[in-house]
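Per my numbering, the sequence shown runs over residues 15 to 306.
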Amino acid sequence: MTEHVDRSEPEAAAAPASSAVTPADAADAARLVAFGLQPRLQPARDQEYTELLRRYREDPPFARLADAVAAGLGLVVLEVSPRAGMAVTAAEDSVFAVRMGDYARRTSADSADRFLHGLAHLAVAAVAFPRPEDLADDGYIGRVTVNGVDAFVRQACRRLEERAEEQGENTDPATDAPGLEAAWRIWARRSATGATKDARRPAASTTGIVAKAMAFLTDSGFLQRTGDEGGGTYRTTARYQLQVRDLAGSAAMAELLELGVVPVTDGTASLLPAEDTDDLDLVADAGLPFHS
(Lines of atoms letter the chains of each structure in order from A; the text may use other names.)
(Lines give C-alpha, C1' and ligand atoms only; values in the text may rest on other atoms or scores of the structure.)
Protein backbone atom coordinates (compact mmCIF):
# COMPACT_ATOMS: atom_id res chain seq x y z
CA MET A 15 0.00 0.00 0.00
CA THR A 16 1.49 3.23 -1.10
CA GLU A 17 1.91 5.83 1.58
CA HIS A 18 0.04 8.98 0.81
CA VAL A 19 2.29 11.98 0.71
CA ASP A 20 0.71 15.29 1.40
CA ARG A 21 2.37 17.65 -1.00
CA SER A 22 0.19 20.57 -0.16
CA GLU A 23 1.89 23.73 1.05
CA PRO A 24 2.28 23.96 4.81
CA GLU A 25 -0.28 26.10 6.46
CA ALA A 26 0.77 29.66 6.11
CA ALA A 27 1.83 31.38 9.27
CA ALA A 28 -0.57 33.85 10.65
CA ALA A 29 -0.20 37.17 8.89
CA PRO A 30 1.60 39.70 11.05
CA ALA A 31 -0.40 42.50 12.47
CA SER A 32 -0.58 45.44 10.15
CA SER A 33 2.23 47.93 10.61
CA ALA A 34 1.52 50.96 12.77
CA VAL A 35 2.87 53.12 9.97
CA THR A 36 1.31 53.11 6.52
CA PRO A 37 2.24 55.07 3.42
CA ALA A 38 -0.85 57.16 4.03
CA ASP A 39 0.36 57.95 7.54
CA ALA A 40 3.76 58.98 6.20
CA ALA A 41 2.10 61.21 3.63
CA ASP A 42 -0.03 62.86 6.32
CA ALA A 43 3.01 63.39 8.54
CA ALA A 44 4.92 64.96 5.66
CA ARG A 45 1.90 67.10 4.88
CA LEU A 46 1.86 68.39 8.45
CA VAL A 47 5.55 69.29 8.26
CA ALA A 48 4.85 71.03 4.95
CA PHE A 49 2.18 73.12 6.69
CA GLY A 50 4.77 73.96 9.35
CA LEU A 51 7.08 75.30 6.65
CA GLN A 52 4.40 77.85 5.70
CA PRO A 53 4.78 80.10 8.75
CA ARG A 54 2.21 82.65 7.65
CA LEU A 55 -0.51 80.03 7.36
CA GLN A 56 -2.84 80.13 10.35
CA PRO A 57 -4.19 76.71 11.37
CA ALA A 58 -7.66 78.11 12.07
CA ARG A 59 -7.98 79.04 8.39
CA ASP A 60 -7.20 75.58 7.01
CA GLN A 61 -9.37 72.60 7.95
CA GLU A 62 -6.81 69.99 6.90
CA TYR A 63 -4.07 71.69 8.92
CA THR A 64 -6.36 71.82 11.96
CA GLU A 65 -7.20 68.12 11.63
CA LEU A 66 -3.56 67.09 11.31
CA LEU A 67 -2.69 69.13 14.39
CA ARG A 68 -5.47 67.38 16.30
CA ARG A 69 -4.17 64.00 15.15
CA TYR A 70 -0.65 64.91 16.24
CA ARG A 71 -1.86 65.71 19.74
CA GLU A 72 -4.13 62.65 20.07
CA ASP A 73 -2.17 59.97 18.19
CA PRO A 74 1.33 59.41 19.70
CA PRO A 75 2.57 57.10 16.89
CA PHE A 76 1.60 59.72 14.33
CA ALA A 77 3.30 62.43 16.38
CA ARG A 78 6.51 60.39 16.49
CA LEU A 79 6.30 59.88 12.73
CA ALA A 80 5.84 63.61 12.09
CA ASP A 81 8.76 64.40 14.40
CA ALA A 82 10.91 61.89 12.49
CA VAL A 83 9.98 63.47 9.15
CA ALA A 84 10.93 66.88 10.51
CA ALA A 85 14.20 65.58 11.93
CA GLY A 86 15.07 63.98 8.59
CA LEU A 87 14.72 67.40 6.98
CA GLY A 88 16.97 69.01 9.58
CA LEU A 89 14.10 70.71 11.36
CA VAL A 90 13.56 71.08 15.09
CA VAL A 91 9.94 71.02 16.29
CA LEU A 92 9.45 73.85 18.78
CA GLU A 93 5.75 73.40 19.44
CA VAL A 94 2.65 71.82 17.92
CA SER A 95 -0.50 73.60 19.00
CA PRO A 96 -3.59 75.36 17.62
CA ARG A 97 -2.02 78.76 18.40
CA ALA A 98 1.35 78.20 16.71
CA GLY A 99 0.59 75.35 14.31
CA MET A 100 3.56 73.07 13.75
CA ALA A 101 6.29 75.54 14.65
CA VAL A 102 9.65 74.38 13.35
CA THR A 103 13.09 75.91 13.13
CA ALA A 104 15.98 74.80 10.97
CA ALA A 105 19.00 73.10 12.48
CA GLU A 106 22.38 74.45 11.41
CA ASP A 107 22.93 71.69 8.83
CA SER A 108 19.42 71.86 7.39
CA VAL A 109 18.80 72.87 3.80
CA PHE A 110 16.19 75.25 5.26
CA ALA A 111 18.68 77.10 7.45
CA VAL A 112 19.01 80.79 6.74
CA ARG A 113 22.46 82.12 7.56
CA MET A 114 23.05 85.70 8.52
CA GLY A 115 25.83 86.04 5.95
CA ASP A 116 23.48 84.96 3.16
CA TYR A 117 20.73 87.23 4.44
CA ALA A 118 23.05 90.24 4.64
CA ARG A 119 24.51 89.59 1.19
CA ARG A 120 21.01 89.73 -0.27
CA THR A 121 20.62 93.23 1.13
CA SER A 122 24.05 94.75 0.71
CA ALA A 123 27.48 94.06 -0.69
CA ASP A 124 29.08 95.75 2.32
CA SER A 125 30.53 93.09 4.63
CA ALA A 126 30.19 95.43 7.61
CA ASP A 127 26.40 95.29 7.19
CA ARG A 128 26.45 91.70 8.39
CA PHE A 129 26.99 93.07 11.89
CA LEU A 130 24.21 95.60 11.49
CA HIS A 131 21.62 93.14 10.22
CA GLY A 132 22.46 90.72 12.99
CA LEU A 133 22.19 93.45 15.61
CA ALA A 134 18.87 94.62 14.17
CA HIS A 135 17.35 91.15 14.58
CA LEU A 136 18.77 90.86 18.08
CA ALA A 137 17.34 94.26 19.02
CA VAL A 138 13.86 93.47 17.68
CA ALA A 139 13.78 90.36 19.88
CA ALA A 140 15.05 92.24 22.95
CA VAL A 141 12.51 95.04 22.57
CA ALA A 142 9.60 92.75 21.75
CA PHE A 143 10.20 90.58 24.83
CA PRO A 144 12.05 92.70 27.41
CA ARG A 145 11.44 90.36 30.38
CA PRO A 146 11.76 86.60 30.90
CA GLU A 147 8.12 86.59 31.99
CA ASP A 148 7.10 87.85 28.56
CA LEU A 149 8.66 84.83 26.89
CA ALA A 150 7.07 82.44 29.38
CA ASP A 151 3.57 83.89 28.95
CA ASP A 152 1.89 82.31 25.91
CA GLY A 153 -0.64 85.14 25.87
CA TYR A 154 1.95 87.94 25.72
CA ILE A 155 2.08 89.98 22.51
CA GLY A 156 5.05 92.26 21.93
CA ARG A 157 4.76 95.43 19.87
CA VAL A 158 7.67 97.06 18.07
CA THR A 159 8.28 99.94 15.70
CA VAL A 160 11.10 100.52 13.25
CA ASN A 161 12.09 103.87 14.78
CA GLY A 162 11.77 102.50 18.29
CA VAL A 163 14.14 99.61 17.61
CA ASP A 164 16.68 101.93 15.98
CA ALA A 165 16.50 104.25 19.00
CA PHE A 166 16.97 101.25 21.29
CA VAL A 167 20.14 100.20 19.46
CA ARG A 168 21.52 103.73 19.52
CA GLN A 169 20.95 103.93 23.26
CA ALA A 170 22.70 100.57 23.61
CA CYS A 171 25.57 101.98 21.55
CA ARG A 172 25.94 104.81 24.04
CA ARG A 173 26.01 102.37 26.95
CA LEU A 174 28.63 100.21 25.25
CA GLU A 175 30.77 103.24 24.43
CA GLU A 176 30.59 104.42 28.02
CA ARG A 177 31.55 100.96 29.24
CA ALA A 178 34.52 100.83 26.86
CA GLU A 179 35.75 104.24 28.02
CA GLU A 180 35.39 103.30 31.69
CA GLN A 181 37.44 100.17 31.12
CA GLY A 182 40.05 102.08 29.12
CA GLU A 183 39.47 100.01 26.03
CA ASN A 184 40.32 101.01 22.48
CA THR A 185 37.25 102.78 21.14
CA ASP A 186 38.06 102.00 17.53
CA PRO A 187 39.06 98.34 17.09
CA ALA A 188 39.04 96.37 13.86
CA THR A 189 35.59 96.01 12.36
CA ASP A 190 35.89 92.22 12.28
CA ALA A 191 36.08 91.98 16.09
CA PRO A 192 33.40 89.62 17.44
CA GLY A 193 30.32 90.51 19.44
CA LEU A 194 28.46 93.69 20.18
CA GLU A 195 31.65 95.65 20.84
CA ALA A 196 32.29 95.80 17.08
CA ALA A 197 28.68 96.10 15.93
CA TRP A 198 27.80 99.14 18.02
CA ARG A 199 30.62 101.21 16.54
CA ILE A 200 29.45 100.50 13.01
CA TRP A 201 25.83 101.26 13.92
CA ALA A 202 26.65 104.52 15.71
CA ARG A 203 28.50 105.83 12.66
CA ARG A 204 25.71 104.99 10.24
CA SER A 205 22.99 107.54 9.44
CA ALA A 206 19.68 106.80 11.13
CA THR A 207 17.51 107.94 8.23
CA GLY A 208 19.21 109.79 5.43
CA ALA A 209 17.24 110.79 2.38
CA THR A 210 16.83 109.84 -1.24
CA LYS A 211 15.71 112.04 -4.09
CA ASP A 212 12.24 110.48 -4.04
CA ALA A 213 11.97 110.62 -0.20
CA ARG A 214 12.39 106.86 0.25
CA ARG A 215 14.25 105.48 3.24
CA PRO A 216 17.76 104.40 2.15
CA ALA A 217 18.32 100.67 2.60
CA ALA A 218 21.78 101.34 4.06
CA SER A 219 20.46 103.62 6.82
CA THR A 220 19.94 102.03 10.21
CA THR A 221 16.17 102.47 10.05
CA GLY A 222 16.32 100.93 6.57
CA ILE A 223 18.17 97.94 8.01
CA VAL A 224 15.63 97.57 10.83
CA ALA A 225 12.77 97.85 8.34
CA LYS A 226 14.38 95.12 6.23
CA ALA A 227 14.70 92.89 9.28
CA MET A 228 11.07 93.43 10.23
CA ALA A 229 9.88 92.79 6.68
CA PHE A 230 11.84 89.53 6.68
CA LEU A 231 10.32 88.54 10.03
CA THR A 232 6.86 89.37 8.69
CA ASP A 233 7.40 87.23 5.59
CA SER A 234 8.60 84.44 7.89
CA GLY A 235 5.42 84.57 9.96
CA PHE A 236 7.14 86.00 13.06
CA LEU A 237 5.66 89.51 12.98
CA GLN A 238 2.44 91.04 11.71
CA ARG A 239 2.37 94.63 10.45
CA THR A 240 -0.30 96.70 12.17
CA GLY A 241 0.34 100.26 10.99
CA ASP A 242 2.71 102.87 9.60
CA GLU A 243 3.40 104.82 12.79
CA GLY A 244 7.00 105.07 13.95
CA GLY A 245 8.33 103.96 10.60
CA GLY A 246 6.19 100.82 10.73
CA THR A 247 4.40 99.15 13.65
CA TYR A 248 4.36 95.39 14.21
CA ARG A 249 3.04 92.82 16.67
CA THR A 250 4.66 89.50 17.53
CA THR A 251 3.24 86.07 16.76
CA ALA A 252 3.33 82.81 18.72
CA ARG A 253 6.00 81.49 16.36
CA TYR A 254 8.27 84.44 17.05
CA GLN A 255 7.91 83.97 20.77
CA LEU A 256 9.03 80.36 20.40
CA GLN A 257 12.02 81.42 18.28
CA VAL A 258 13.08 84.07 20.77
CA ARG A 259 12.87 81.58 23.62
CA ASP A 260 15.68 79.71 21.89
CA LEU A 261 17.60 82.94 21.25
CA ALA A 262 17.22 84.14 24.84
CA GLY A 263 20.03 81.88 26.03
CA SER A 264 22.59 83.40 23.66
CA ALA A 265 25.45 85.44 25.05
CA ALA A 266 24.72 88.38 22.74
CA MET A 267 21.08 88.58 23.86
CA ALA A 268 22.11 88.47 27.52
CA GLU A 269 24.74 91.17 26.97
CA LEU A 270 22.25 93.43 25.24
CA LEU A 271 19.63 93.09 27.97
CA GLU A 272 22.21 93.60 30.73
CA LEU A 273 22.84 97.10 29.41
CA GLY A 274 19.55 98.12 30.97
CA VAL A 275 18.31 100.02 27.94
CA VAL A 276 14.94 98.26 28.13
CA PRO A 277 13.61 98.89 31.63
CA VAL A 278 11.75 96.17 33.51
CA THR A 279 8.22 97.54 33.76
CA ASP A 280 4.73 96.13 33.41
CA GLY A 281 5.71 94.51 30.12
CA THR A 282 5.17 97.50 27.85
CA ALA A 283 8.37 97.82 25.84
CA SER A 284 9.71 101.34 26.16
CA LEU A 285 12.95 103.28 25.88
CA LEU A 286 14.94 105.13 28.49
CA PRO A 287 15.41 108.81 27.69
CA ALA A 288 18.40 109.38 25.46
CA GLU A 289 20.49 112.50 25.06
CA ASP A 290 20.79 114.47 21.83
CA THR A 291 18.14 112.47 19.99
CA ASP A 292 16.22 115.26 18.30
CA ASP A 293 17.31 113.94 14.91
CA LEU A 294 16.29 110.33 15.55
CA ASP A 295 12.51 110.73 15.25
CA LEU A 296 12.00 108.69 18.41
CA VAL A 297 8.69 107.21 19.47
CA ALA A 298 7.47 106.64 23.00
CA ASP A 299 7.05 102.87 22.65
CA ALA A 300 9.24 100.41 20.84
CA GLY A 301 7.43 97.40 21.11
CA LEU A 302 16.55 83.42 15.26
CA PRO A 303 16.82 82.86 14.09
CA PHE A 304 19.92 82.82 12.25
CA HIS A 305 23.01 80.67 12.25
CA SER A 306 26.39 82.36 12.24
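Ideal placement from N, C-alpha and C gives every residue a C-beta, glycine not left out.
Predicted model, so just to flag it, every value in this text is computed and none were measured.
Check whether residue i and residue j have beta carbons under 8 Å apart
i	j	result
L136	R204	no
M67	G99	According to the sequence displayed, residue 67 carries Leu and not Met. The answer is yes: Cβ separation under 8 Å.
D164	A206	yes
Q255	F143	yes
A134	V258	no
L87	V141	no
Extent of the continuous beta strand (DSSP E) run through residue i
i	result
Y70	Counting along the chain, Y70 falls outside any beta strand (DSSP E), though it belongs to the alpha helix (DSSP H) covering Q61 to E72.
L51	Per DSSP, L51 belongs to no beta strand (DSSP E) and is neither H nor E.
R249	T247 to T250
Residue-level contact to chain C via CB, residue i, 8 Å cutoff
i	result
K226	The chain labelled as chain C is not found in the depicted structure, where only one protein chain is given.
The alpha helix (DSSP H) enclosing residue i, as first and last residue numbers
i	result
Q181	From DSSP, Q181 is part of no alpha helix (DSSP H); its letter is neither H nor E.
T220	T220 to D233
Neighbourhood of residue i by C-beta distance below 8 Å, restricted to the same chain and skipping five residues each side
i	result
T240	R157, T247, Y248 and R249
L79	V35, D39, A40 and A43
L96	The question names Leu, but residue 96 is Pro in the sequence shown. The answer, listed in chain order, is P57, A58, T64 and L67.
Backbone secondary structure at residue i - three-state DSSP
i	result
V91	strand
R145	coil
G156	coil
T36	coil
A13	The chain is shown only over 15 to 306; residue 13 falls outside these bounds and no answer can be derived.
T308	Any question about residue 308 goes unanswered here, given that the chain covers just 15 to 306.
Own chain partners of residue i with C-beta closer than 7 Å, once the 5 adjacent residues on each side are dropped
i	result
G244	T159, V160, N161, G162 and V297
L92	A101, V102, T103 and L256
A227	H131, A134, H135 and V138
V90	V102, T103 and A105
R45	L66
Neighbourhood of residue i by C-beta distance below 6 Å, restricted to the same chain and skipping five residues each side
i	result
A252	R97 and A98
E180	none
P308	It is not possible to answer for residue 308, since the shown part of the chain is limited to 15 through 306.
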